[in-house]
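Trainee: Residue numbers (full-length UniProt numbering): 1 to 467. Don't be surprised by glycine CBs; every beta carbon is placed ideally from N, CA and C.
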Amino acid sequence: MFHNPRLDTARAIPVPSDLPREVAGTLPTVQVLTHAVADATVDQAVDALLQRPCKRVFFLNAHCANVAARDPLYASALRRADHILPDGIGIELAARLRGNRLTANLNGTDFIPALLREAARRGLSVFLFGARPGTAERAADRLIRDIPGLRVLGTMDGYDDAQDEEAAIARINASGADILLVAMGVPQQELWIDRNAERLNTRLNLGVGALFDFLAGNVRRAPAIVRKARMEWAWRLAVEPRRMAGRYLIGNFTFMARAIGQLVPRSRVTDLVKRTLDIALAGAGLMALSPLFALIALAIRLDSPGPVFFTQRRVGKNGCAFRMYKFRSMHVDAEARRAQLLDNSDREGVCFKARNDPRVTRVGRILRRTSLDELPQLINVLLGHMSMVGPRPALPEEVAAYPARALERLSVRPGLTGLWQVSGRADIGFDKMIDMDVAYANSRSTLLDLLLIAMTFRVVLTGHGAY
Numbered sequence: 001m002f003h004n005p006r007l008d009t010a011r012a013i014p015v016p017s018d019l020p021r022e023v024a025g026t027l028p029t030v031q032v033l034t035h036a037v038a039d040a041t042v043d044q045a046v047d048a049l050l051q052r053p054c055k056r057v058f059f060l061n062a063h064c065a066n067v068a069a070r071d072p073l074y075a076s077a078l079r080r081a082d083h084i085l086p087d088g089i090g091i092e093l094a095a096r097l098r099g100n101r102l103t104a105n106l107n108g109t110d111f112i113p114a115l116l117r118e119a120a121r122r123g124l125s126v127f128l129f130g131a132r133p134g135t136a137e138r139a140a141d142r143l144i145r146d147i148p149g150l151r152v153l154g155t156m157d158g159y160d161d162a163q164d165e166e167a168a169i170a171r172i173n174a175s176g177a178d179i180l181l182v183a184m185g186v187p188q189q190e191l192w193i194d195r196n197a198e199r200l201n202t203r204l205n206l207g208v209g210a211l212f213d214f215l216a217g218n219v220r221r222a223p224a225i226v227r228k229a230r231m232e233w234a235w236r237l238a239v240e241p242r243r244m245a246g247r248y249l250i251g252n253f254t255f256m257a258r259a260i261g262q263l264v265p266r267s268r269v270t271d272l273v274k275r276t277l278d279i280a281l282a283g284a285g286l287m288a289l290s291p292l293f294a295l296i297a298l299a300i301r302l303d304s305p306g307p308v309f310f311t312q313r314r315v316g317k318n319g320c321a322f323r324m325y326k327f328r329s330m331h332v333d334a335e336a337r338r339a340q341l342l343d344n345s346d347r348e349g350v351c352f353k354a355r356n357d358p359r360v361t362r363v364g365r366i367l368r369r370t371s372l373d374e375l376p377q378l379i380n381v382l383l384g385h386m387s388m389v390g391p392r393p394a395l396p397e398e399v400a401a402y403p404a405r406a407l408e409r410l411s412v413r414p415g416l417t418g419l420w421q422v423s424g425r426a427d428i429g430f431d432k433m434i435d436m437d438v439a440y441a442n443s444r445s446t447l448l449d450l451l452l453i454a455m456t457f458r459v460v461l462t463g464h465g466a467y
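Structure below.
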C-alpha cells in the first residue's frame with residue numbers, strides 16, 4: 001500500500017454547515033441522449049463534489065454513451081450516479097443538437113488534478129485503485145509531486161488486488177481515505193463503484209478511466225495545441241490505430257447518428273433510410289437492367305402496334321396523383337374496353353382483375369407472368385412517386401370507392417412490391433389486401449422492406465398470382 005506519513009497530520013477543513021443538504025453540491029444539468037450531464041465550470045463542479053458525499057461520480061464521452069446503449073447494467077449505473085461529468089467534443093456536439101451549450105469540458109485527465117488540488121487544500125485524502133501492477137504507485141508519486149499537501153493513503157492495482165472484492169473494500173475503508181479513484185476502464189469501473197458504493201466509507205468515488213496511465217507515463221497525452229483544438233481523440237487514434245479505430249471511427253459515427261436520431265422522430269428516420277434505399281436500388285436496377293429494357297421494348301413493338309410504355313394516372317401518398325410507368329402489356333384500346341369487362345372480374349372488391357383478359361397481348365402475357373411489365377416503375381421510384389416497397393398504387397376510381405378504413409393505405413408511398421404482392425398478388429381479395437396494406441403502413445421498417453424485397457424474387461420466379 002502506498003503511504004505518505006509526512007502528510008497524515010493535515011487537518012480537514014469542514015464543509016460549511018449553513019448550506020442546506022439538498023442545495024449544497026447540486027449542479028445544473030443538460031440532457032445528452034438519455035443522460036443528465038452536469039453543466040458547470042471546473043470550479044463549480046469541484047466545489048459541488050466536495051460539498052457533500054457523492055458515492056457515484058462518472059464521466060461520459062461518446063464511447064461511454066455507445067457502451068451504455070448496449071449494456072443495460074452500465075446504463076442503470078449511470079442513472080444512479082450523483083453526477084455525470086461531460087468528457088469530450090462528442091458530448092458537446094450532442095448537447096448543441098438540442099440547442100444547449102455546455103459550460104466546460106470536464107474530462108477526467110484535466111478535471112481530477114483540479115479536484116485533488118482543492119481536496120488537498122481542504123485536507124482531504126485519496127486512494128488510487130486500478131490499472132496494471134505498479135501503475136497506481138507511479139501515478140500516486142506524480143500526484144504528490146504536482147500537488148503539494150495531497151495525502152495519498154493507499155494504492156491497489158486492478159488485477160490481483162481486485163480479485164477479492166471484500167478484501168479490496170476492507171483495505172480501502174481501513175485507509176480512511178476520503179476520495180476513491182477507480183481506474184478499471186468502462187464499464188467495469190462504474191459497475192464496481194455502483195455495486196459497492198454503499199459499503200465504502202469514502203465520501204467521493206470516481207471512475208477515472210486511463211488517468212493512472214497518463215499520470216504514470218504509460219500513455220502519452222496529446223500536445224496542448226491538439227487538446228485545445230478538441231482533437232485529442234484523433235491523437236489517440238494516431239498513436240494506437242488498431243486499438244482505437246473501432247472506438248473513434250465507427251464509434252463516433254454511431255454516437256452522432258444516435259444523437260441525431262434522438263431529435264428526429266423514429267418515423268422520420270425510417271422514411272429517410274427508406275428513401276435512401278429506394279434511390280440506391282432503383283438507380284442500380286435501371287443501370288443493370290438497361291439491356292433487358294431494350295429487348296423488352298423490341299419485343300413489344302414487334303408484337304403489336306403502339307408505344308413501348310404505358311402510362312396511367314394512379315393515386316399515391318396522401319392522395320396525390322401521379323403518372324405510373326409500365327411496359328405496355330395490352331392493346332392500345334385497353335382503357336376504352338375496361339368498362340365492358342368490369343362484370344367479368346375474377347377478384348372481389350373494387351379492384352378489377354381478370355385472369356383471361358382479352359386486352360392483353362401475347363408478349364404482354366409473358367411480361368405479366370414474369371412481372372417484367374412493372375420494371376419501368378423504377379423510374380417512379382427515382383422520381384419519388386413510389387417506393388420499392390409499399391401498397392399497390394390504386395386507380396382514382398378505385399380510391400373513390402374505398403371504404404373509410406382503406407384510405408389508411410394512402411398514408412405511405414405505393415410500392416413496386418409489397419406485402420400483398422409476395423402473399424399471392426391477384427389471388428388475394430380486396431378486403432385482405434387492405435388489411436395487409438394497413439398493417440404494413442403501421443409497422444413499416446427497413447428490415448421488413450429488405451425481407452419483402454428478398455421474398456419478391458421468389459414470387460417472381462414462381463409467377464404465383466400473376467395475370
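(1) By how many angstroms is the C-alpha of Gly251 removed from the C-alpha of Ala257?
(2) Have a look at Arg314 and Ala294 and give me their C-alpha separation to the nearest angstrom.
(3) Where does Pro305 fall in DSSP's three states?
(4) Rounding to the nearest angstrom, what Cα-Cα distance links Leu272 and Glu165 in this structure?
(5) Is it true that the CB of Val208 sits closer than 9 Å to the CB of Phe322?
(6) Among Asp357, Gln377, Leu281, which one has its Cα closest to the Cα of Met324?
(7) Our contact map puts Asn100 next to Asp87 with C-beta atoms below 8 Å; I'd like the distance itself, whole angstroms only.
(8) On the criterion of 16 or more Cβ atoms from any shown chain inside 10 Å, does Ala400 qualify as buried, or is it exposed?
(9) So, under 8 Å CB-CB, Leu416 and Val381 are touching, yes? Tell me the CB distance rounded to an integer number of Å.
(10) Can you tell me the Cα-Cα spacing of Arg171 and Ala38, whole angstroms?
(11) Can you grab the Cα-Cα spacing for the pair residue 482 / Arg80, in whole Å?
(12) CB Arg145 to CB Cys54, shorter than 9 Å?
(13) Please name the residue in Arg359, Tyr440, Ile434 whose C-alpha comes closest to that of Gly390.
(14) Over what stretch of residues does the beta strand (DSSP E) that includes His35 continue unbroken?
(15) Return the bridge partner residues of Leu85 from the DSSP annotation.
(16) Comparing alpha-carbon positions, which option in Asp194, Phe129, Ala140 lies nearest Gln163?
(17) Which residues in the same chain have their Cβ closer than 7 Å to the Cβ of Pro396, if we skip the five residues on either side of it in sequence?
(18) Three-state secondary structure (DSSP) at Tyr248?
(19) Could you tell me which residues DSSP puts in a beta bridge with Tyr325?
(20) In the DSSP assignment, what residue or residues form a beta bridge with Met156?
Mentor: In brief:
(1) 10 Å
(2) 25 Å
(3) coil
(4) 49 Å
(5) no
(6) Gln377
(7) So it is not a contact: roughly 16 Å between Cβ atoms.
(8) exposed
(9) 6 Å
(10) 31 Å
(11) This structure does not reach residue 482, given that the chain is present from 1 up to 467, and the question cannot be answered.
(12) no
(13) Tyr440
(14) 35-38
(15) Phe59
(16) Phe129
(17) Arg313, Val315, Ala321
(18) helix
(19) Thr311
(20) Phe129
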